[in-house]
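Residue numbers (the numbering used here): 5 to 331.
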């Protein structure tokens, strides 16, 4: 997508009277897909240019966000334009304006913040359960083994052609470990979800969360990955992204969640198995960087060994006194 210039940006911002006098605009690097601008005025706003969702999905997501914000003050909902719209089409692209979230972003959560984050996610799931999710994706956990291994071989070839650096070293090391795991006779390539699906946030992690001075969640942003999956899938995904399945922090997060919503052993295991199947086959950052030259996705390739999720889960399961193997 071609970026718009400063004059066009100022024309676009005129749709939102709430901004008032704008002092400066900066393009920020906050992800690997969407384009976002930070608007400095009497208050701070963020202008988002959508890249992946259809306009119908964006509008339905906006409606859900505004509905949730009436119940959950930490949900950051889009602003209305002068014509009571939340989405503007400009030069063929789709834009929405958001106020800055209250509180501060935290890169490494304490156990108290982890528990607060779990409690807030349960509140979000309770509210989302009342909304129709038919406009949003339902993930099918099924991969063709040989086709996926061939895709990994293609990525390995592209990495070998890339310039030598620490990022490429870890990308190559991880993808070879991932290929070895997925090629083994013990690996599985499909999973049928056993528990109830509903709308979930789908991208719940510390970059999208803000905390107040009491360590309570004061802001939740980025609803682009709304999807229909079991709530426990969202819980386990969050533990993987936020804490790398650290037993103490993951347990605090799950404890916080279950203070608001109970999770049965069956639901937790189903969520772990579903997320594990997805995580073990996940290659999106590698594809983006080495097949599509999207260097912004490098930040999502960890500088650590690939470990099958079943091995990561064992540490948390033992701490939760839930020793059921998910393999």
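Idealized CB from N, CA, C, for every residue including glycine. All of these numbers come straight from a predicted model, not from anything done at the bench.
- Counting along the chain, the unbroken alpha helix (DSSP H) around residue 280 starts and ends at 269-285.
- The segment 119-199 is shown to contain whole alpha helix (DSSP H) runs of 4 or more residues at 149-165, 170-187, in chain order.
- As the crow flies, the alpha-carbon of residue 43 is around 10 Å from that of residue 13.
- When secondary structure is reduced to three states using DSSP, residue 213 falls in the strand class.
- When only Cα atoms are considered, residue 308 and residue 63 end up about 38 Å apart.
- Distances from the alpha-carbon of residue 316 to those of 245, 226, 139, 9 put 245 closest.
- For residue 197, the closest alpha carbon among the candidates 272, 16, 22 is that of 272.
- Within the DSSP bridge table, the entry for residue 40 names 32, 52 as partners.
- By a beta-carbon distance limit of 8 Å, residue 279 does not contact residue 305. Their separation comes to about 19 Å.
- In the same chain as residue 256, and ignoring 5 residues on each side of it, the C-beta atoms closer than 6 Å to its own belong to 115, 118, 119, in chain order.
- Residue pairing by DSSP puts residue 203 in a beta bridge opposite 232.
- In its chain, beyond the 5 residues on either side, 191, 284, 310, 312 have a beta carbon closer than 8 Å to the beta carbon of residue 185.
- For residue 102, the uninterrupted beta strand (DSSP E) run begins and ends at 97-103, by DSSP.
- Excluding its 5 nearest sequence neighbours in each direction, residue 252 has C-beta neighbours in its own chain below 8 Å: 115, 323, listed in chain order.
- Contact between the segment 138-155 and the segment 170-187 is present, with at least three C-beta pairs closer than 8 Å.
- If you check the CB distance, residue 49 and residue 99 do not come in under 9 Å.
- Restricting attention to 55, 57, 249, 82, the CA atom closest to the CA of residue 68 is found in 82.
- In the DSSP assignment, residue 92 falls outside any alpha helix (DSSP H) and lies within the beta strand (DSSP E) extending over 92-94.
- By the 16-neighbour rule on beta-carbons within 10 angstroms, residue 18 is exposed.
- Here the alpha carbons of residue 65 and residue 113 stand approximately 28 Å from one another.
- Three or more Cβ pairs drawn from the segment 225-233 and the segment 200-214 lie within less than 8 Å of each other, which places the two stretches in contact.
- Beta-carbon to beta-carbon, residue 294 and residue 175 are separated by about 7 Å, close enough to satisfy the 8 Å threshold.
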